[in-house]
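Q: First to last, the sequence lines map onto chains L and D.
In this text, residue positions in the first sequence follow numbering that gives the first Met the number 0: the first is 0, and each later residue adds one.
In this text, residue positions in the second sequence follow numbering that gives the first Met the number 0: the first is 0, and each later residue adds one.
Let me begin by handing over the structure; questions about it come next.
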Amino acid sequence: MTRRVYLDHNASTPVHPEVVAEMTPYFSEVFGNPSSVHGFGRDAREGVDVARERIARFLKVPVDQIVFTSGGTESDNFGVKGLALARGKGHVITSRIEHHAVLRTVQSLETQGFTATYLPVDEYGAVDPDDVEKAIRPDTVAISIMHANSEVGTLQPIAEIGRIAHAHGVPFHVDAVQTFGKVPIDVEAMHIDLLSFSGHKIYGPKGVAGLYIRKGIKMVSVQHGGEHERRRRAGTENVPGIVGLGKAVELRARDMHEEAARVSALRDRLWNGIAARVSDVRLNGHPTQRLPGTASLCYRHVESESIVLGLDLKGVAVSAGSACTSGNVEPSYVLVAMGLPLDWAMGAVRSSLGRSTTAEDIDYVIDAVAPLVDKLRQALPVGAA
Amino acid sequence: MRYSPTLVDHFLNPRNAGMMQLPDAMGEGEYAECGDLARVFLRVRDGRVVEARFQAYGCGPTIAAASLVSELAVLRPVEDLLHLKPEDVERGLDGLPDDRKHAAEVVTEAVRAAARDWLSRRGGDVQASA
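Put into structure tokens, the structure is as follows:
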């Protein structure tokens, strides 16, 4: 049987067995609506409360500043729109490499009369805090910068950007979906007002996430209905999901530091092994300020999807940096923003490692990549790409 | 797997990949929207293809389609290749997903161009010897 190696943890992760165990009773035994006053409801409410306490403890924030949502995309929409719409009109600052959940939210605000600045990034994919300061105008109502980009893994200088935002009195939203539970986050030291985080990137379930909202930050709801989540996010709580998210966060608090060191060493092993055997390959992103388990590599003159397919046929799951859909291929907007030439950007392949990744997995992938790239290059027309 | 075993086999074990020295004909196909490029080389004896090779840049199906065409072309009269259709290539690969139909198109374009190249070169020879 073909070995199977999962190196796509930035896309999603398997739910931790301890998380599954914690969630299971909440599907059929503790099924009440947490808004109900009777015992069934109170039991469900207790599960939600415990989860909120675990997350608040992890972030070192008061429990009433955590709001549960249905996913990272909703958290980002809520964070950015909630800030902007509460102020009615004005200017929003973000970067060109944000997740589409932020980029398209800001674009939608532009259609509603807001203006926006999309900051550039340097060759490593980092925003320059000076650019943030220069972009701030008297009517700037929100700044939204991600903690780390999912594709290249570069960590942004969030503390410095946050300091600038606060010095100018502008609320600061951070999309931390890729960093929460992987690297330390200190919302006080980093001057973060709103923080998006998600469950399924950290061995929790899909369909549940959260938004930290600093006390006193003026927000409006974007989803209307009942009085849930202190009237900030209407809709019956996804109780099993929230319970699972809370447990996942508790486990991350326990395992995060040790795993970061282990996974970081494996990421280096992958890069060094491939670089030793494949020519014309580069590691994207910042050399040190980066997510522990993310390795975005570009194979020059090779089309990324052919590598993804070749590895998939060897049982290895990675993701393509360029996507060919309906005969229309686009290189990653992140790599384009970083200034990568097309002949490199078209061959981007991301590996994202996780808690189950072993050294044997990495060696297997290196052994699979090297002959595959050789073979693809043998068939390559000179001057193509 | 969204691709057929035949397509996967051609992708993993491409036949006749690489350049041909001094070909009798050469043709290219390009799909600008996705940057795919296929190049087909032919060696011809007595009006029939005796050897075909290819170079390709693109997604897995494009490489597989080029490999298939390099087999399909052999022993055929060159004129036949002018009438090759993307559907023939798709059938030879046991199907292509809707969003990968261009793989057959780019490769068909290349092999037809190679056939035209040979016919025009032959025409030139005939005129020169007349």
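All C-beta atoms, glycine included, are put in the ideal place defined by N, C-alpha and C.
Fair warning: this is a prediction, and the values are worked out from it, not measured in the lab.
(1) Within 10 angstroms of the Cβ of V173(L), are there 16 or more other Cβ atoms? Answer buried if so, exposed if not.
(2) Using a Cβ cut-off of 8 Å (strictly closer), state whether S325(L) contacts chain D.
(3) If you measure beta-carbon to beta-carbon, which residues of the stretch 16 to 27 of chain D are closer than 7 Å to chain B?
(4) By DSSP, does D44(D) sit in helix, in strand, or in coil?
(5) By a C-beta neighbour count over all protein chains shown, 10 Å radius and 16 as the cutoff for buried, is D23(D) buried or exposed?
(6) For the alpha helix (DSSP H) that contains E302(L), what are its first and last residues?
(7) Per DSSP, I90(L) is paired with what?
(8) Under the three-state reduction of DSSP, which class applies to S11(L): helix, strand or coil?
(9) Can you name the residues of chain D whose CB is closer than 7 Å to the CB of Q111(L)?
(10) Which residues in the same chain have their Cβ closer than 6 Å to the Cβ of A294(L), if we skip the five residues on either side of it in sequence?
(11) Assuming P156(L) contacts A125(L) (C-beta within less than 8 Å), just tell me the rounded distance between them.
(12) Return helix, strand or coil for S119(D), following the three-state DSSP convention.
(13) Relative to the alpha-carbon of N283(L), which residue among G272(L), R276(L), Y298(L) has its alpha-carbon at the smallest distance?
(14) Please name the residue or residues paired with N283(L) in a DSSP beta bridge.
(15) Quick one: which chain D residues come within Cβ less than 7 Å of S318(L)?
(16) Excluding the 5 residues preceding and the 5 following A259(L) in the sequence, name in chain order all residues of the same chain whose CB lies nearer than 6 Å to its CB.
(17) Which stretch, first to last residue, makes up the alpha helix (DSSP H) that contains L331(L)?
(18) Closest to Y117(L) by CA distance: which of T110(L), P24(L), I96(L), A100(L) is it?
(19) Using the Cα positions of G57(D) and E329(L), report the straight-line distance between them to the nearest angstrom.
(20) From the DSSP output, in three-state form, read off Q106(L) for me.
(21) Quick one: any contact between the stretch 244 to 263 of chain L and the stretch 211 to 229 of chain L, if contact means 3 or more CB pairs under 8 Å?
(22) Distance check for T72(L) and G168(L), CA to CA, integer angstroms please.
(23) Can you find the residues in the same chain that come closer than 8 Å, C-beta to C-beta, to A55(L), ignoring five residues on each side of it along the sequence?
(24) If the criterion is Cβ atoms closer than 8 Å, does the pair Y202(L) and V29(L) meet it?
(25) Grab the span of the alpha helix (DSSP H) containing D61(D) for me, first residue to last.
A: For this structure:
(1) Translated into positions along the first sequence, residue 173(L) becomes position 174. Result: buried.
(2) Indexing the first sequence from 1 puts residue 325(L) at position 326. Because S325(L) carries a pLDDT of 45, less than 50, the predicted location of this residue cannot be relied on, and the following value inherits that uncertainty. S325(L) counts as touching chain D.
(3) Judged by its chain identifiers, the structure shown contains no chain B, and its protein chains are L and D.
(4) Working through the second sequence from its first residue, we reach residue 44(D) at position 45. According to the sequence shown, residue 44(D) is Arg rather than Asp. Note: R44(D) maps to strand in three-state DSSP.
(5) Position 24 of the second sequence, counted from the start, is the residue given in the question as residue 23(D). Buried.
(6) As a first step, residue 302(L) is located in the first sequence; it is residue number 303 there, counting from the start. Note, E302(L): premise wrong, no alpha helix (DSSP H); not H, not E.
(7) The count along the first sequence starts at 1 and reaches residue 90(L) at position 91. Residue identity differs from the one stated: residue 90(L) is His in this sequence, not Ile. Answer by DSSP bridge pairing, in chain order: T114(L), T139(L).
(8) In the first sequence, residue 11(L) corresponds to position 12, counting from 1. Annotated three-state conformation of S11(L) is coil, per DSSP.
(9) As a working note, residue 111(L) is residue 112 in the first sequence. Contact note: Q111(L) does not reach chain D at a C-beta cutoff of 7 Å; the least C-beta distance is about 32 Å.
(10) In the first sequence, residue 294(L) corresponds to position 295, counting from 1. Excluding residues up to 5 positions away in sequence, R266, L269, W270, S350 lie with their Cβ nearer than 6 Å to the Cβ of A294(L) in the same chain.
(11) Walking along the first sequence from the start, residue 156(L) turns up at place 157. Walking along the first sequence from the start, residue 125(L) turns up at place 126. Their Cβ separation, rounded to whole angstroms, is 7 Å, which keeps P156(L) and A125(L) in contact under 8 Å.
(12) For the purposes of this step, residue 119(D) is taken as the residue at position 120 of the second sequence. Secondary structure of S119(D) (DSSP, three-state): helix.
(13) Counting from one through the first sequence, the residue named residue 283(L) turns up at place 284. Of the candidates G272(L), R276(L), Y298(L), Y298(L) places its Cα closest to the Cα of N283(L).
(14) Within the first sequence, the letter at position 284 stands for residue 283(L). In DSSP, N283(L) forms a bridge with S295(L).
(15) For the purposes of this step, residue 318(L) is taken as residue 319 along the first sequence, with counting starting at 1. Result: empty, since nearest Cβ-Cβ is about 14 Å, beyond 7 Å.
(16) Along the first sequence, read from residue 1 onward, the residue named residue 259(L) stands at position 260. Within the same chain, A259(L) has close Cβ partners P291.
(17) Position 332 of the first sequence holds residue 331(L). Here residue 331(L) turns out to be Ser, not Leu, going by the sequence shown. Counting along the chain, S331(L) falls outside any alpha helix (DSSP H), and DSSP gives it neither H nor E.
(18) Residue mapping note: residue 117(L) aligns to position 118 of the first sequence, counting from 1. The shortest Cα separation from Y117(L) among T110(L), P24(L), I96(L), A100(L) belongs to I96(L).
(19) In the second sequence, residue 57(D) corresponds to position 58, counting from 1. In the first sequence, residue 329(L) corresponds to position 330, counting from 1. About 13 Å.
(20) Indexing the first sequence from 1 puts residue 106(L) at position 107. Of the three classes helix, strand and coil, the one that applies to Q106(L) here is helix, per DSSP.
(21) No, the stretch 244 to 263 of chain L is not in contact with the stretch 211 to 229 of chain L.
(22) Indexing the first sequence from 1 puts residue 168(L) at position 169. Indexing the first sequence from 1 puts residue 72(L) at position 73. Across the structure, G168(L) and T72(L) are spaced so that their CA atoms are roughly 26 Å apart.
(23) Counted from its first residue, the first sequence places residue 55(L) at position 56. P61, V62, Q64, I65, listed in sequence order.
(24) Taking the first residue of the first sequence as 1, we reach residue 202(L) at position 203. Taking the first residue of the first sequence as 1, we reach residue 29(L) at position 30. At the C-beta level, Y202(L) and V29(L) stay beyond 8 Å of one another.
(25) Translated into positions along the second sequence, residue 61(D) becomes position 62. The sequence given here has Thr at residue 61(D), not Asp. First-last of the alpha helix (DSSP H) with T61(D): 59 to 71.
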